[in-house]
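Enquirer: Residue numbers (the working numbering), protein chains in the order written: chain A, 220 to 440; chain B, -9 to 236.
Have a look at this one.
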């Protein structure tokens, strides 16, 4: 049996490409107006809750300031990103990957059990016990797949003026268009944070075996 | 420091790859097609007359930010501003049965629509204001659109970086009930910063579509021969998306 299903592996790498392009073009879009607001409107420094630093060219697409080109990339990659996420959810519900490996059991939420898992991570012990993932992994993957990634799609739709006549309830649920824009930014950086920790833990837990497993599937240990 | 250099190199290599894709023929076609997919999805999900949200008076921003041209100094504009736009004319022409030339008084006497809407700039900020003016559909019907007309072009008095500002929309947005030729903002004549004496409101699209300092409305069959052919000042100059509902 393979360690990762083909659907998981395909989506993982497609999603990586999408997220990287969306994030880097998003930094250019952020550079176009470096303030965030709550509510429906906001345009001046005194209305902002956050002044965002200017992101250097080397971490932006297209590598120089062009809001139009950055939007081209953002608008293009939004499609494989959102459709890919939908595909992954259908696949992992159908092949039971979600229920079997990611959904947590009530017993795992006991403070003592969580604390034991945290201490094991701090000692860099990544023994999974019986299941495929330990509690912190399930929590991280569950949050990313169930909240962070879908919220990028939902907040993105809420920012789009052409979508608003149909999805006005979504904009309202988020507290207005500028709130939706702020949330889009917050979840983008939450994903960036996950990305850093994820790569770090792969490096610490045998990167060659991990990479092989996510490319060819590997074999169940 | 070394780790940072590694990241910078990796970032630069990835960006260079993206730019090579964007510069290639298929890459360009793909990036252009994605804009159309969004437009089609919006049109599929949203009724052509569905309204952008309208707000109560209490939601109006303390002032309304101006962007792009905020005080045109070209052509006859400064002289018009001096006389309070008393002799401003708006023409309605192109593929119409009866070309019109309207005075400000003509425009003020038409049936008016007042709407408190949110303006979203492509840069990311939003402002809320109350706009008043006749619906564009009223002017188009008065002039009588010819059958070949597919787009409505908006001609403007401002000149940015040597090019005259203009914009265009298709007939769906032109005939949308909230598409108005505004001459009042928050109950007063438009300030110069916000497009005096006339500006478009295209409420389901981003700010650069809402042409300011409006002098002419022109029905055309194709955008190819207007400006540089991409349908608007920012579209021509910097490659902004013609469909700005995204």
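Every residue gets a Cβ at the ideal spot worked out from N, C-alpha and C, and that includes glycine.
So, does the CB of residue 440(A) fall closer than 9 Å to a CB anywhere in chain B?
Expert: Working through the first chain from its first residue, we reach residue 440(A) at position 221. For residue 440(A), the predicted structure reports a pLDDT of 49, less than 50, and the residue's modelled location is therefore unreliable. A value from the coordinates is still provided. Chain B, which has no Cβ nearer than 9 Å to the Cβ of residue 440(A), makes this no.
Enquirer: Looking only at DSSP bridge pairs, what is residue 81(B) linked to?
Expert: Within the second chain, residue 81(B) is the residue found at index 91, counting from 1. Bridge partners of residue 81(B): 91(B), 206(B).
Enquirer: Using only alpha-carbon positions, find the residue among 122(B), 77(B), 86(B) that is nearest to residue 191(B).
Expert: For the purposes of this step, residue 191(B) is taken as residue 201 along the second chain, with counting starting at 1. When only C-alpha atoms are compared, the closest one is 122(B).
Enquirer: Distance check for residue 82(B) and residue 91(B), CA to CA, integer angstroms please.
Expert: In the second chain, residue 91(B) corresponds to position 101, counting from 1. In the second chain, residue 82(B) corresponds to position 92, counting from 1. If you take the alpha carbons of residue 91(B) and residue 82(B), they lie about 6 Å apart.
Enquirer: Between which two residues does the beta strand (DSSP E) harbouring residue 109(B) extend?
Expert: Mapped onto the second chain, residue 109(B) falls at position 119. Residues 103 to 110.
Enquirer: Is it buried or exposed for residue 48(B), if we count other Cβ within 10 angstroms and need 16 for buried?
Expert: Numbered from 1 along the second chain, position 58 holds the residue referred to as residue 48(B). Under this definition residue 48(B) is an exposed residue.
Enquirer: If the cut-off is 7 Å on Cβ atoms, which residues from the stretch 125 to 142 of chain B count as contacting chain A, listed in chain order?
Expert: Cβ contacts with chain A: none found.
Enquirer: Counting only beta-carbon atoms, is residue 393(A) nearer than 9 Å to chain B?
Expert: Along the first chain, one-based indexing puts residue 393(A) at 174. Residue 393(A) does not count as touching chain B.
Enquirer: Could you tell me if residue 430(A) is buried or exposed, where buried requires 16 or more neighbouring beta carbons within 10 angstroms of its beta carbon?
Expert: For this step, residue 430(A) is matched to residue 211 along the first chain. Label assigned to residue 430(A): exposed.
Enquirer: Select from 44(B), 12(B), 65(B) the residue whose C-alpha is nearest the C-alpha of residue 167(B).
Expert: Walking along the second chain from the start, residue 167(B) turns up at place 177. Closest by alpha carbon: 44(B).
Enquirer: Just list the alpha helix (DSSP H) runs in the stretch 10 to 42 of chain B, keeping only unbroken ones of 4 residues or longer that don't cross its boundaries, in chain order.
Expert: Qualifying alpha helix (DSSP H) stretches, in chain order: 15 to 35.
Enquirer: Cβ of residue 51(B) less than 9 Å from any chain A Cβ?
Expert: As a working mapping, residue 51(B) is identified with position 61 in the second chain. Judged by the 9 Å Cβ criterion, residue 51(B) is in contact with chain A.
Enquirer: Is it buried or exposed, residue 119(B), if we count other Cβ atoms within 10 angstroms and call 16 or more buried?
Expert: Indexing the second chain from 1 puts residue 119(B) at position 129. It is buried - the Cβ of residue 119(B) has at least 16 other Cβ atoms within 10 Å.
Enquirer: With distances taken Cα to Cα, identify the nearest neighbour of residue 37(B) among 317(A), 384(A), 264(A).
Expert: By 1-based counting over the second chain, the position of residue 37(B) is 47. Nearest of 317(A), 384(A), 264(A) to residue 37(B), Cα basis: 384(A).
Enquirer: Spatial neighbours of residue 238(B) within its chain, please: CB distance less than 6 Å, with the 5 preceding and 5 following residues excluded, ordered by chain position.
Expert: The requested residue 238(B) is not part of the displayed model; chain B covers only -9 to 236.
Enquirer: What's the call for residue 247(A), buried or exposed, on a 16-neighbour Cβ count within 10 Å?
Expert: Reading the first chain from its first residue, position 28 is the one you call residue 247(A). So residue 247(A) ends up on the buried side.
Enquirer: Taking the CB atoms as reference points, tell me whether residue 212(B) and residue 169(B) lie closer together than 9 Å.
Expert: Indexing the second chain from 1 puts residue 212(B) at position 222. Indexing the second chain from 1 puts residue 169(B) at position 179. Going by C-beta atoms, residue 212(B) is not nearer than 9 Å to residue 169(B).
Enquirer: Any C-beta of chain B within less than 8 Å: which residues of the stretch 396 to 412 of chain A qualify?
Expert: Residues 396, 397, 400.
Enquirer: Would you kindly work out how many angstroms separate the C-alpha atoms of residue 287(A) and residue 221(A), rounded to a whole number?
Expert: For the purposes of this step, residue 287(A) is identified with residue 68 of the first chain, where counting begins at 1. For the purposes of this step, residue 221(A) is identified with residue 2 of the first chain, where counting begins at 1. Going from the Cα of residue 287(A) to the Cα of residue 221(A) covers about 43 Å.
Enquirer: Name, please, each residue of chain B whose Cβ falls closer than 7 Å to the Cβ of residue 336(A).
Expert: Locating residue 336(A) in the first chain gives position 117, counting from the first residue. Correct list: empty, because the minimum Cβ distance to chain B is about 29 Å.
Enquirer: Taking 9 Å as the threshold (beta carbon to beta carbon), is residue 238(A) in contact with chain B?
Expert: The count along the first chain starts at 1 and reaches residue 238(A) at position 19. Chain B contact via Cβ: absent.
Enquirer: Around the C-beta of residue 396(A), are 16 or more other C-beta atoms found within 10 angstroms, so that it is buried, or is it exposed?
Expert: Taking the first chain and counting its residues from 1, one reaches residue 396(A) at position 177. By the neighbour-count rule (16 or more Cβ atoms within 10 Å), residue 396(A) is buried.
Enquirer: So residue 173(B) and residue 161(B) are supposed to be a Cβ contact under 8 Å. How far apart are they, rounded?
Expert: Position 183 of the second chain, counted from the first residue, corresponds to residue 173(B). Position 171 of the second chain, counted from the first residue, corresponds to residue 161(B). That pair is no contact at about 23 Å.
Enquirer: What are the boundary residues of the alpha helix (DSSP H) that includes residue 447(A)?
Expert: Because chain A is modelled from 220 through 440, residue 447(A) falls outside the range shown and cannot be assessed.
Enquirer: Cα separation between residue 60(B) and residue 138(B)?
Expert: As a first step, residue 60(B) must be located in the second chain, where it is residue number 70. As a first step, residue 138(B) must be located in the second chain, where it is residue number 148. Between residue 60(B) and residue 138(B), the C-alpha separation is close to 35 Å.
Enquirer: Any chance you could list the beta strand (DSSP E) runs of at least 3 consecutive residues sitting entirely within the stretch 294 to 327 of chain A, in chain order?
Expert: Here no run is fully enclosed.
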